[in-house]
Amino acid sequence: MFSLRQQPWRGLYILVDTLTTYFVRVPLWFALALPRSWRPRRSWSLRRTMLVRLLRHRVETEDRLRTLPPTPQHETLHQGPDIKSLWIKPVPDLLHGDIITWASINGVDPIRIPGYWLDKEGFDTPIGQPLQSGEKILYRLHGGGYVILSARPDVPEAGITKDLLHFCKPFRRAFSVEYRLSSGEPLTPANPFPAALYDALAGWSYLTRDLGIPPSDIYITGDSAGGNLSLALVRYLVESQGRYPAGERNDPVYSAPGGLILFSPWSDMGTSHDGPGTSKATHYLSDMLPRKSGYAEAAFTAALGLGATNTNAYMSPASHALSPSFAGFPRTYICTGSGENLVDEGRTLKKRMERDIGNDVATGVVYDEKPDAIHVFVAFPFHEPERTETYQAISKWVGNEG
Numbered sequence: 013m014f015s016l017r018q019q020p021w022r023g024l025y026i027l028v029d030t031l032t033t034y035f036v037r038v039p040l041w042f043a044l045a046l047p048r049s050w051r052p053r054r055s056w057s058l059r060r061t062m063l064v065r066l067l068r069h070r071v072e073t074e075d076r077l078r079t080l081p082p083t084p085q086h087e088t089l090h091q092g093p094d095i096k097s098l099w100i101k102p103v104p105d106l107l108h109g110d111i112i113t114w115a116s117i118n119g120v121d122p123i124r125i126p127g128y129w130l131d132k133e134g135f136d137t138p139i140g141q142p143l144q145s146g147e148k149i150l151y152r153l154h155g156g157g158y159v160i161l162s163a164r165p166d167v168p169e170a171g172i173t174k175d176l177l178h179f180c181k182p183f184r185r186a187f188s189v190e191y192r193l194s195s196g197e198p199l200t201p202a203n204p205f206p207a208a209l210y211d212a213l214a215g216w217s218y219l220t221r222d223l224g225i226p227p228s229d230i231y232i233t234g235d236s237a238g239g240n241l242s243l244a245l246v247r248y249l250v251e252s253q254g255r256y257p258a259g260e261r262n263d264p265v266y267s268a269p270g271g272l273i274l275f276s277p278w279s280d281m282g283t284s285h286d287g288p289g290t291s292k293a294t295h296y297l298s299d300m301l302p303r304k305s306g307y308a309e310a311a312f313t314a315a316l317g318l319g320a321t322n323t324n325a326y327m328s329p330a331s332h333a334l335s336p337s338f339a340g341f342p343r344t345y346i347c348t349g350s351g352e353n354l355v356d357e358g359r360t361l362k363k364r365m366e367r368d369i370g371n372d373v374a375t376g377v378v379y380d381e382k383p384d385a386i387h388v389f390v391a392f393p394f395h396e397p398e399r400t401e402t403y404q405a406i407s408k409w410v411g412n413e414g
């Protein structure tokens, strides 16, 4: 990873790779994809086959070419005529137990971070407006392996947020925090675990404490690493219950949300779902995710070591090396694709949540695995009809609280 970070090799590589892709790779991929039996999934159209292959090549190329990291987005509050943003204060009073120990080992402190509001199309809700009748709040935690992407409402990854607002009537606005991204060698190491969890907790406190929104009216959603962070945040809230005197437990910040919506959640950062015959070994050609380089895991764990990914339920709640409880978790909708690398751990997560909270649509876990779909397929407009079908199913699920 990052083997071509310096000029002039970086520029030369981009030129050669671009020419090779358009004049050699694409024609070759096209020819190989013409027979349906040669496609990664027989159900795929020629167009989908080519687009997934191009996506995977793009991700692989970006891994090789990433240079100095951009200015940390959590240090700047993005503003503009159509941007609703504010600083979110840290919440050191909510930190306790193992999380403080892990933060001490990794040198992580609570800090202020940017927060962003995004309205459903046709709405213009002032920041801080009280909850309206029948309204639910969407709390979105973006994906990106904890090392890339942003919470800003004007970036492509905000598409999932906009789609949920569009399809789900109770969601009229969504809130996101610009949680700290991790980096590691050969870049400057920064913001390892539990920095992102600290920041997600600050956003939760803002919604429940500062704005007074009932936790039962908030749905947390995350894709990939954002799904991992969503699970970690809810685990922290659930495990925090009972630690405080009765009066303090009335503080809504200690309550679980009304629901979880997880798209292809990264639920095992460790190695328990690796090996021959696993989806990570056999689904490489049918997904847009390349084989993992280990960079994200190393940057995220830092001084805790990679071994923590096999022993820490906040990092790997689906690890076969662990058996964490999901008792107290809210109703959950898990969406995966049978063609993606992470489908095995998604299935494990589903079984564990069913064990502890059941599969009743109003209170338990609903597992929606789309045949031959790729990682976080809802983010890609070409992935129809699965994309629209999933959003419609989630809309029905959100409205069916029992």
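For the sequence shown, position 193 (counting from the first letter as 1) is numbered 205 according to the working numbering, and the numbering increases by one without interruption.
For every residue, glycine included, the Cβ atom is placed at its ideal position computed from N, Cα and C.
Distance from PRO204 to ALA314 at the Cβ level is roughly 3 Å; contact confirmed, criterion being Cβ atoms closer than 8 Å.
Here ALA374 is exposed: its Cβ has fewer than 16 other Cβ atoms, across all protein chains shown, within 10 Å. Annotation for ALA325: LEU334 and PRO336 place their beta carbon closer than 6 Å to its own, counting only its chain and skipping 5 residues before and after. Where LYS96 is concerned, the enclosing beta strand (DSSP E) starts and stops at 96 to 100. Between the alpha carbons of GLY146 and PRO182 lies a distance of about 6 Å. For GLU381, the enclosing beta strand (DSSP E) stretches over residues 377 to 382. Secondary structure remark: continuous alpha helix (DSSP H) runs of at least 4 residues inside the stretch 205 to 270, in chain order: 207 to 217, 237 to 252 and 258 to 261. DSSP lists ARG185 and ILE230 as the bridge partner or partners of ILE149. In the structure shown, TYR158 adopts coil according to DSSP, grouped into three states. Straight-line spacing of the CA atoms in HIS387 and PRO142 works out to 36 Å. Between the alpha carbons of ASP166 and LYS148 lies a gap of roughly 22 Å.
Straight through space, the alpha carbons of ASP280 and GLY317 are spaced by roughly 15 Å.
Per DSSP, ARG51 is not a residue of any alpha helix (DSSP H), being assigned neither H nor E.
The C-beta of HIS178 has fewer than 16 other C-beta atoms within 10 Å across all chains shown, which makes the residue exposed.
About 5 Å separates the Cβ atoms of THR348 and GLU381, confirming a contact at the 8 Å cut-off.
In the displayed model, GLY171 falls within a helix according to three-state DSSP. It is roughly 9 Å from the alpha-carbon of ASP136 to the alpha-carbon of ARG184. Its Cα nearest to that of TYR307, the residue SER194 stands out among SER194, GLU396 and GLY411.
Counting other Cβ atoms within 10 Å of its Cβ, LEU31 stays below 16 and is therefore classed as exposed.
Residue state for ARG303 is assigned as coil, using DSSP reduced to three classes. Put simply, the backbone Cα of ASN371 is about 11 Å away from that of PRO342. A distance below 6 Å between beta-carbons, with the five flanking residues on each side excluded, links ILE123 to the following residues of its chain, in chain order: PRO102.
For ASP131, the enclosing beta strand (DSSP E) begins and ends at 125 to 131. When secondary structure is reduced to three states using DSSP, GLY319 falls in the helix class.
Of the residues assessed, GLN253 falls on the exposed side of the cut-off, its CB having fewer than 16 other CB atoms within 10 angstroms. Boundaries of the beta strand (DSSP E) around TYR345: 343 to 349. ASP105 counts as exposed, since fewer than 16 other beta carbons sit within 10 angstroms of its beta carbon. Looking at the DSSP output, LEU272 sits in a beta bridge with ILE232 and THR344.
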